[in-house]
Amino acid sequence: MRCLRPVLAIILMLSVSGLMAQRKCATVEYQEIKRETGKVHETDEQFEQALADKIRERKTNKFNKLTTGVPYRIPVVVHVIHNGEAVGTGRNISDAQIFSQIEVLNKDYNRLNADAANTPAEFLPVAANLNIEFVLAKQDPTGNCTDGIVRVDGNRDQWSLAREAEFKALSYWPAEDYLNIWVIKFQGFLGYAQFPVSSGLPGLEDENTNRLTDGIIVDYRVFGSDDEGPFNLDPQYNKGRSTTHEVGHFLGLRHIWGDDTGCSASDYVNDTPNQGEETYDTPAYPLADNCSSSIMFQNYMDYTDDVMLNLFTQDQVDRMVTVLENSPRRASLLTSHGLELPDQTLVDVALTSAELPASITCADNRANRTPLTLTVSNVNDADIAELTFNISVNDGTLETAIIPVAFTGTTTQFDVTSLKGLVLGDNTLTLSVFAGCDQTPQNNITSLSVNLLDNDCQPFILYTGIAGQSTITFDLPKPTYTHVSVISTVGQEVAEVTLPKAVNETIPISIKPGVYIVRVQIGASLYVRKVYLQP
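Each step along the sequence shown adds one to the number in numbering that gives the first Met the number 0, with nothing skipped, and position 439 is 438.
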């Protein structure tokens with residue numbers, strides 16, 4: 000039960016050649032950066048004193064979740080940041096792999112894991128469960144149905160900690176309502192979690208900044224369990240325990256050894272044996288060190304291989320419960336709208352037809368671009384404000400257009416030559432349409448094949464010029480009404496341009512380098528893209 004100072008993130012390192020046999024931690028360094036930048040003001044002593052007081056108060060209350068049998072419920076959104084791979088390939092992990100990780104969390108935290116039978120007899124009296132359910136979100140921030148999985152092409156092979164703000168801005172849901180889990184390929188790390196503060200009292204943290212980064216990050220090669228696979232997971236960390244570990248930090252747990260090499264401190268958990276340092280690989284039980292005759296290397300907050308980890312203790316559970324009931328962006332998760340289906344159960348939109356010539360060319364269609372025509376039916380005549388069309392190109396790149404409608408049936412068109420990801424030759428387009436909580440998704444999807452004879456045109460491009468000026472350029476076949484809205488990652492419109500009759504136009508836009516959502520209306524078509532403007 001060694002001491003670890005409060006931290007915002009737990010960081011597990013990788014080697015240059017791949018995942019290491021040893022999980023390295025940069026916790027203290029990361030916390031110091033957060034404090035130096037003014038994002039955390041609460042001291043170690045303040046956090047632990049406040050938490051200890053709350054634990055004592057909670058133990059006197061007989062009507063908490065653990066005694067009533069009502070589970071805590073946490074809505075989860077998994078942001079898969081890939082590099083353009085098809086779903087189920089490389090960084091763009093499959094739904095099945097994600098589902099396996101959620102199952103691991105629910106088993107590990109409720110002590111329903113099969114390997115709980117491997118907990119040594121001496122630790123059984125303190126082994127405990129949290130009575131919690133992790134639920135893939137059912138409702139997104141705007142009130143629409145969701146499966147709790149968001150896939151984003153980050154257009155990068157791997158990410159470093161220095162780019163944290165960038166990759167989190169690619170996909171983020173409000174941290175007060177969702178446990179954000181970013182699954183990426185990490186340069187130098189296995190994962191980390193943002194540590195909570197003790198309460199919602201003002202002055203403990205920079206709320207406006209910290210909420211935008213709150214959640215956990217896990218490398219895609221250790222996310223999920225091969226018990227439900229096989230998936231392409233690292234053999235040492237293939238049972239999902241890296242995510243169990245990081246969620247522990249998200250809920251206020253510290254490393255069991257305390258992140259130093261002596262025996263004089265405490266991890267503030269009385270029922271874990273004193274431990275001098277982290278444990279690796281697959282040691283034999285019992286294992287002694289300079290602090291204890293038998294250390295608890297089976298605890299999820301140690302560094303042994305996944306196959307060795309199998310328990311939390313009662314005092315660890317007490318800490319997590321106290322954080323859940325008191326810490327900002329933890330307590331609010333328990334009443335999040337993300338836990339429930341929205342009241343849109345009568346919606347049924349059907350993609351009734353999709354039309355496109357078998358072959359297209361950019362050069363020959365500048366005067367009259369070849370449209371992709373989709374016909375959609377509102378089967379139940381439900382009140383629908385907008386439709387979302389997704390077009391997946393060759394099972395990889397995804398384009399989305401949001402079309403405002405008030406309809407009993409509608410037809411819309413896309414300029415197919417503008418689709419990002421088309422290649423010369425044969426292409427497969429997977430088309431889908433969604434509106435709210437559509438209860439019959441089987442009629443929402445269809446596929447088309449198209450042969451692209453050349454690929455040298457786009458209707459617009461947003462970029463940073465040589466002089467550092469952000470610019471948008473249009474290449475349209477005829478004068479067309481256009482409107483551009485640039486949205487920041489916190490939902491604020493930072494730039495807006497309207498051109499009544501754009502053709503071949505280059506327009507400066509006064510925005511700084513960064514990540515933005517760009518909504519471009521060209522005639523009746525609306526394009527929504529996420530862009531990163533480099534300095």
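C-beta: ideal position from N, C-alpha, C; glycine also.
Quick caveat, the model's predicted, so the values are computed rather than measured.
- With fewer than 16 other Cβ atoms inside 10 Å of its own Cβ, Q441 counts as exposed.
- Taking a C-beta distance under 9 Å as the contact criterion, T312 and D270 qualify as a contact pair.
- If you look at I383, you'll find it isn't in any alpha helix (DSSP H); DSSP assigns it neither H nor E.
- By DSSP's assignment, W158 forms a beta bridge with F185.
- A straight-line Cα-Cα distance of about 57 Å links A287 and D342.
- When rounded, the separation of the alpha-carbon atoms in Y279 and T145 is 39 Å.
- Looking only at V151, I471 and P478, the smallest Cα-Cα distance to A494 is reached by I471.
- Close CB contacts of T505 within its chain, under the 7 Å cut and outside five residues either way in sequence, are with T470 and T472 (chain order).
- With 16 or more other CB atoms across the displayed protein chains lying within 10 angstroms of its CB, T242 is buried.
- Excluding five sequence positions before and after G214, the CB atoms of its chain that fall closer than 7 Å to its own CB belong to A174, L178, N179, I180, W181 and Q193, given in chain order.
- A direct Cα-Cα distance of roughly 5 Å separates S391 from T429.
- Following the DSSP letters along the chain, one finds I506 inside the beta strand (DSSP E) bounded by residues E492 to P507.
- DSSP, reduced to helix, strand and coil, places A353 within a strand of the structure shown.
- The continuous alpha helix (DSSP H) containing F249 extends over residues R240 to F249.
- Y302 and W158 have their alpha carbons spaced roughly 23 Å apart.
- By the neighbour-count criterion, in which a residue is buried when 16 or more other Cβ atoms sit within 10 angstroms of its Cβ, R150 is buried.
- Beta bridge pairing from DSSP links E204 with V39.
- Here P234 is exposed, its C-beta having fewer than 16 other C-beta atoms within 10 Å.
- Straight-line measurement puts the Cα of V39 at about 24 Å from the Cα of L169.
- Sequence-distant Cβ neighbours of M307 in its own chain, meaning closer than 7 Å and more than five residues away, are T281, F296 and Q297.
- The continuous beta strand (DSSP E) containing E132 extends over residues I131 to L135.
- Counting only runs of 4 or more residues that sit fully inside the segment 427–484, no alpha helix (DSSP H) segment turns up.
- Unbroken beta strand (DSSP E) runs of no fewer than 3 residues, entirely contained in the segment 53–93, are found at 71–81, following chain order.
- Straight-line measurement puts the Cα of K58 at about 25 Å from the Cα of N309.
- Q274 sits close to S291, with the two beta carbons spaced by under 9 Å.
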